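Participant: To convert, take the position in the sequence shown, counting from 1, and add 49; that gives the working numbering. For glycine and all other residues, C-beta sits at the position ideal for the given N, C-alpha and C. Quick caveat: nothing in here was measured; it's all calculated off a predicted structure. After the structure tokens below, expect a handful of questions from me.
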Amino acid sequence: MALVLTVVAGAVALLAWGAARAYLPELNIRKPAIAEYEPVLATPTPRISRRVVLVIIDGLRLQDSFGRETLDRLRRTGIDAIATSHYPSISRPNHATIVTGVPPLVSGIRNNTYRSPVAIDSLMDRVRAAGLHATYVADDSPSLGYLFGDDFSSLYYGRWPGAFEKSTQLAMADPTNSLLVLIPGKVDIAGHEHGGDSDEYRQAAHDVDAQLGKSLRLLDLQADTIIVTADHGHTDAGGHGGEEDVVLQVPLIMAGAGIRSDALLGSAELIDIAPTVAALLGVPAPGHALGRTLTEVLELPPQQIRALQAADRVRIRTNAERYEESLRARRVETTKETRARLILLAGLLVLGLAALALSRRAGALHIDWRVLVIAVPAYPLCYYGLLDVLGQSLSFSALQDRGSEMSSLSRFGLVATGVQLLAGWLALRGRIVLRDRLASANALVATGLLVAWIPAALLWASFGTAPHVEMPSSRVALLIPANYVAVATYAIGSTIFLTLEIVVFFARAVDPRIRLRRLERAAAKERRRLEKGE
Ligand SMILES: [Zn+2]
Numbered sequence: 050m051a052l053v054l055t056v057v058a059g060a061v062a063l064l065a066w067g068a069a070r071a072y073l074p075e076l077n078i079r080k081p082a083i084a085e086y087e088p089v090l091a092t093p094t095p096r097i098s099r100r101v102v103l104v105i106i107d108g109l110r111l112q113d114s115f116g117r118e119t120l121d122r123l124r125r126t127g128i129d130a131i132a133t134s135h136y137p138s139i140s141r142p143n144h145a146t147i148v149t150g151v152p153p154l155v156s157g158i159r160n161n162t163y164r165s166p167v168a169i170d171s172l173m174d175r176v177r178a179a180g181l182h183a184t185y186v187a188d189d190s191p192s193l194g195y196l197f198g199d200d201f202s203s204l205y206y207g208r209w210p211g212a213f214e215k216s217t218q219l220a221m222a223d224p225t226n227s228l229l230v231l232i233p234g235k236v237d238i239a240g241h242e243h244g245g246d247s248d249e250y251r252q253a254a255h256d257v258d259a260q261l262g263k264s265l266r267l268l269d270l271q272a273d274t275i276i277v278t279a280d281h282g283h284t285d286a287g288g289h290g291g292e293e294d295v296v297l298q299v300p301l302i303m304a305g306a307g308i309r310s311d312a313l314l315g316s317a318e319l320i321d322i323a324p325t326v327a328a329l330l331g332v333p334a335p336g337h338a339l340g341r342t343l344t345e346v347l348e349l350p351p352q353q354i355r356a357l358q359a360a361d362r363v364r365i366r367t368n369a370e371r372y373e374e375s376l377r378a379r380r381v382e383t384t385k386e387t388r389a390r391l392i393l394l395a396g397l398l399v400l401g402l403a404a405l406a407l408s409r410r411a412g413a414l415h416i417d418w419r420v421l422v423i424a425v426p427a428y429p430l431c432y433y434g435l436l437d438v439l440g441q442s443l444s445f446s447a448l449q450d451r452g453s454e455m456s457s458l459s460r461f462g463l464v465a466t467g468v469q470l471l472a473g474w475l476a477l478r479g480r481i482v483l484r485d486r487l488a489s490a491n492a493l494v495a496t497g498l499l500v501a502w503i504p505a506a507l508l509w510a511s512f513g514t515a516p517h518v519e520m521p522s523s524r525v526a527l528l529i530p531a532n533y534v535a536v537a538t539y540a541i542g543s544t545i546f547l548t549l550e551i552v553v554f555f556a557r558a559v560d561p562r563i564r565l566r567r568l569e570r571a572a573a574k575e576r577r578r579l580e581k582g583e
């Protein structure tokens with residue numbers, strides 16, 4: 050019985066760990082429905098900018114974009130606005146949003162594990178179709194290179210100190226570049242390492258701002274346009290991905306050629322940037338975009354503005370209908386899959402309970418109050434301990450973006466396993482009869498696993514299978530992997546615990562010397578007690 054349970058616990062650990070690891074990659078959609086359709090392209094309005102420099106300061110939240118010398122100077126000469134990022138507020142998905150006008154829910158690019166080229170129409174496609182060149186400069190991750198590498202005429206990527214500045218200079222010195230996409234990563238790195246409310250984060254924002262100031266000397270804002278924004282913000286503790294204001298609100302600063310300095314911009318989203326950049330360069334908006342051209346900031350005559358607005362209406366309506374259509378089709382399938390999974394789970398539960406009852410009757414399981422008191426709360430404790438380690442509110446932002454969650458999760462797993470072994474050992478202490486001890490150990494693991502398994506299994510069933518055309522909400526998006534990891538941790542602990550118990554059982558049963566030594570020790574203790582009493 051103990052051997053069978055060890056194998057079951059080991060298998061549960063592997064399954065749960067596998068599910069936790071597969072979770073983020075599975076949120077991505079390899080072939081988004083929108084990319085299957087022809088892009089909706091309109092006749093462009095006249096070009097009003099020689100080149101557009103689009104700076105995406107990775108992870109710069111709105112509040113920390115103020116009080117920066119270069120950004121504030123640009124604000125004074127141009128447009129000072131707030132843009133809303135899109136859920137999940139993660140880097141690569143929103144880098145893609147900015148250059149395509151398609152939000153992550155529709156593009157299927159939901160996290161940084163997305164690495165394959167995507168067939169969604171982009172600003173770079175439009176620029177290239179017009180015979181112009183687009184260039185990309187990055188220093189932390191060649192994020193857009195993975196997704197749209199072939200669409201750029203040149204790519205600069207280097208992590209060494211000074212690489213970003215040097216690459217920016219080279220890209221700006223080349224007069225054939227009409228679109229420059231610059232993504233400095235320093236602010237985001239500081240946010241993850243030290244939190245959004247830290248001196249290091251503010252210093253990084255200051256550094257990137259100063260660097261931008263130097264590069265701007267190479268631009269002539271009479272002819273060129275600069276747009277500065279961010280893909281997402283950061284929580285005070287460091288992290289993003291969820292729907293908190295502090296991670297969704299980012300700066301949107303526009304200045305230079307083609308931008309009216311007297312305009313007021315009410316509300317903007319990151320999806321609006323691509324159509325606006327396209328209008329500045331006199332190319333059609335990317336044809337899968339769901340965003341609007343920010344016409345109120347453009348220096349164009351009224352009839353051109355009306356033409357852009359009319360084209361936007363057609364494009365947005367068409368693409369929204371296409372997405373709704375794919376959503377409806379997928380919902381029908383998901384309902385069927387969920388039903389099948391729930392039936393499977395109910396069957397497994399009945400089997401598990403039957404096995405439990407049978408083994409109890411056969412004497413292989415010994416369930417008493419001590420076993421239940423330890424086994425039942427073990428998993429919930431594991432689970433809440435885990436959320437505490439993640440250290441934030443119940444939001445996708447707690448699951449960090451840079452792979453650091455894995456190290457904090459495994460650290461947690463180690464501690465939880467240790468605590469579980471200790472609790473199990475305490476529960477079994479003093480059981481002299483070996484058979485009884487092993488039967489109690491079996492009961493501890495069997496009941497514990499049954500309790501642990503149910504919430505994770507229900508989440509697995511109701512969440513459906515890939516492709517996830519719909520994304521779970523920020524809270525659920527965290528609950529799912531957190532449950533998987535907690536089950537994995539609990540099952541690993543159980544496997545080790547039972548293996549030790551089996552070793553104890555055989556060592557003691559086979560080796561009479563161990564029993565003898567125990568008896569001698571007990572006798573010595575008794576003797577000392579008697580001596581003290583006299
Ligand atoms: Zn980012």
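1) Collect the residues with a C-beta less than 5 angstroms away from any heavy atom of ligand 1 and give them in sequence order along the chain.
2) Is the CB-CB distance between Val176 and Ala183 below 8 angstroms?
3) Assuming His243 is part of the alpha helix (DSSP H), what are its boundary residues?
4) Inspect the beta-carbon positions of Ala537 and Ala71 and report whether they are closer than 8 angstroms.
5) Using 8 angstroms for Cβ pairs, my map puts Val102 next to Ile320. What's the rounded Cβ distance?
6) Counting C-beta neighbours from all protein chains within 10 Å, is the total for Asp450 16 or more, i.e. buried, or is it exposed?
7) May I have the straight-line CA-CA distance separating Leu487 from Leu477, to the nearest angstrom?
8) With the cut-off set at 8 angstroms, would you say Gly290 and Ser138 are in Cβ contact?
9) Does DSSP put Gln298 in a helix, a strand or coil?
10) If you drop the 5 nearest sequence neighbours on each side, which residues of the same chain put their C-beta closer than 6 angstroms to that of Ala334?
11) State the DSSP-derived secondary structure class of Arg208, mapped to helix, strand or coil.
12) Classify Glu293: buried if its beta carbon has 16 or more other beta carbons within 10 angstroms, exposed otherwise.
13) Nearest CA to the CA of Lys263: which residue from Leu120, Val468, Ala359 and Ala130?
14) Quick check on DSSP: helix, strand or coil for Ser98?
15) Where DSSP assigns a beta bridge to Ile131, which residues make up the other side?
16) Between which residues of its own chain and Pro95 is the CB-CB distance below 6 angstroms, once the five residues before and five after are set aside?
17) If we ignore side chains and look at the alpha-carbon of each, how far apart do Lys385 and Leu507 end up?
18) Got a sec, what are the start and stop residues for the beta strand (DSSP E) Ser227 sits in?
19) Would the beta-carbon of Val295 fall within 8 angstroms of that of Gly245?
20) Please state the DSSP three-state secondary structure of Leu268.
21) With a CB to CB cut of under 8 angstroms and the five nearest residues on each side skipped, what residues in its chain are close to Asn532?
22) Roughly how many whole angstroms lie between the Cα atoms of Thr278 and Ala378?
23) What are the boundary residues of the alpha helix (DSSP H) that includes Asp485?
24) Just to confirm, are Leu231 and Val104 a CB contact at a threshold of 8 angstroms?
25) Which word fits Phe445, buried or exposed, when buried means at least 16 other C-beta atoms lie within 10 angstroms of its C-beta?
26) Report all residues from its chain with a CB closer than 7 angstroms to the CB of Leu421; omit the five preceding and five following residues, and keep chain order.
27) State the DSSP-derived secondary structure class of Tyr539, mapped to helix, strand or coil.
28) Between which residues of its own chain and Pro516 is the CB-CB distance below 6 angstroms, once the five residues before and five after are set aside?
29) How many Å lie between Leu565 and Ala573 at the Cα?
30) Under 7 angstroms: does the beta carbon of Leu470 sit that close to some heavy atom of ligand 2?
31) Could you tell me which residues DSSP puts in a beta bridge with Glu318?
32) Would DSSP call Tyr250 helix, strand or coil?
Facilitator: In short, the structure shows the following:
1) Screening all residues for a C-beta within a distance smaller than 5 angstroms of any heavy atom in ligand 1 leaves Asp107, Gly108, Ser140, Asp237 and Asp280, in chain order.
2) Position 127 of the sequence shown holds residue 176. Position 134 of the sequence shown holds residue 183. Yes, the pair counts as a contact, with Cβ atoms nearer than the cut-off.
3) Counting from one through the sequence shown, the residue named residue 243 turns up at place 194. From DSSP, the alpha helix (DSSP H) with His243 extends over Lys235 to His243.
4) As a working mapping, residue 537 is identified with position 488 in the sequence shown. As a working mapping, residue 71 is identified with position 22 in the sequence shown. When the beta-carbon positions are compared, Ala537 and Ala71 stay at least 8 angstroms from each other.
5) By 1-based counting over the sequence shown, the position of residue 102 is 53. By 1-based counting over the sequence shown, the position of residue 320 is 271. Their Cβ separation, rounded to whole angstroms, is 20 angstroms, which puts Val102 and Ile320 out of contact at 8 angstroms.
6) Reading the sequence shown from its first residue, position 401 is the one you call residue 450. At Asp450 the pLDDT is 47, less than 50, meaning the model places this residue with poor confidence; the figure from the coordinates comes in the next sentence. Classification for Asp450: buried.
7) In the sequence shown, the residue the question calls residue 487 occupies position 438. In the sequence shown, the residue the question calls residue 477 occupies position 428. Between Leu487 and Leu477, the C-alpha separation is close to 9 angstroms.
8) Translated into the one-based positions of the sequence shown, residue 290 becomes position 241. Translated into the one-based positions of the sequence shown, residue 138 becomes position 89. A contact, by the Cβ cut-off of 8 angstroms.
9) Translated into the one-based positions of the sequence shown, residue 298 becomes position 249. Note: Gln298 maps to strand in three-state DSSP.
10) By 1-based counting over the sequence shown, the position of residue 334 is 285. Only Pro324 and Ala327 meet the Cβ criterion.
11) The residue labelled residue 208 in the question sits at position 159 within the sequence shown. Reduced to three states, the DSSP call for Arg208 is coil.
12) Within the sequence shown, residue 293 is the residue found at index 244, counting from 1. Around the beta carbon of Glu293, 16 or more other beta carbons sit within 10 angstroms, so the residue counts as buried.
13) Here residue 263 refers to the residue found at position 214 when the sequence shown is read from its first residue. Looking from the CA of Lys263, the closest CA among Leu120, Val468, Ala359 and Ala130 belongs to Leu120.
14) As a working note, residue 98 is residue 49 in the sequence shown. DSSP, reduced to helix, strand and coil, places Ser98 outside both helices and strands of the structure shown, so it counts as coil.
15) Here residue 131 refers to the residue found at position 82 of the sequence shown. Paired residue(s): Pro300.
16) On the sequence shown, position 46 is the one that residue 95 refers to. Closer than 6 angstroms at Cβ, skipping near neighbours: Gly331.
17) As a position in the sequence shown, residue 385 is number 336, starting the count at 1. As a position in the sequence shown, residue 507 is number 458, starting the count at 1. C-alpha separation (whole angstroms): 15 angstroms.
18) To locate residue 227, count along the sequence shown from 1; it is residue 178. Segment Asn226 to Ile232, the beta strand (DSSP E) holding Ser227.
19) In the sequence shown, the residue the question calls residue 295 occupies position 246. In the sequence shown, the residue the question calls residue 245 occupies position 196. The answer is yes: Cβ separation under 8 angstroms.
20) By 1-based counting over the sequence shown, the position of residue 268 is 219. Three-state DSSP puts Leu268 in coil, outside helix and strand.
21) Within the sequence shown, the letter at position 483 stands for residue 532. Listed in chain order, the non-local C-beta contacts of Asn532 below 8 angstroms within the same chain comprise Tyr432, Pro504, Ala505 and Leu508, local neighbours out to five positions each way being set aside.
22) Within the sequence shown, the letter at position 229 stands for residue 278. Within the sequence shown, the letter at position 329 stands for residue 378. For Thr278 and Ala378, the distance between alpha carbons rounds to 35 angstroms.
23) The residue labelled residue 485 in the question sits at position 436 within the sequence shown. That run of the alpha helix (DSSP H) goes Leu483 to Phe512.
24) Mapped onto the sequence shown, residue 231 falls at position 182. Mapped onto the sequence shown, residue 104 falls at position 55. Contact: yes.
25) Position 396 of the sequence shown, counted from the start, is the residue given in the question as residue 445. Buried: at least 16 other Cβ atoms inside 10 Å.
26) Reading the sequence shown from its first residue, position 372 is the one you call residue 421. The residues are Thr496.
27) To locate residue 539, count along the sequence shown from 1; it is residue 490. Looking at Tyr539 - three-state DSSP - the assignment turns out to be helix.
28) Within the sequence shown, residue 516 is the residue found at index 467, counting from 1. Around Pro516: Ile78.
29) Along the sequence shown, one-based indexing puts residue 565 at 516. Along the sequence shown, one-based indexing puts residue 573 at 524. About 12 angstroms.
30) Ligand 2 is not part of the structure shown, which contains ligand 1 as its ligands.
31) Along the sequence shown, read from residue 1 onward, the residue named residue 318 stands at position 269. Per DSSP, Thr133.
32) Locating residue 250 in the sequence shown gives position 201, counting from the first residue. Correct three-state label for Tyr250: helix.
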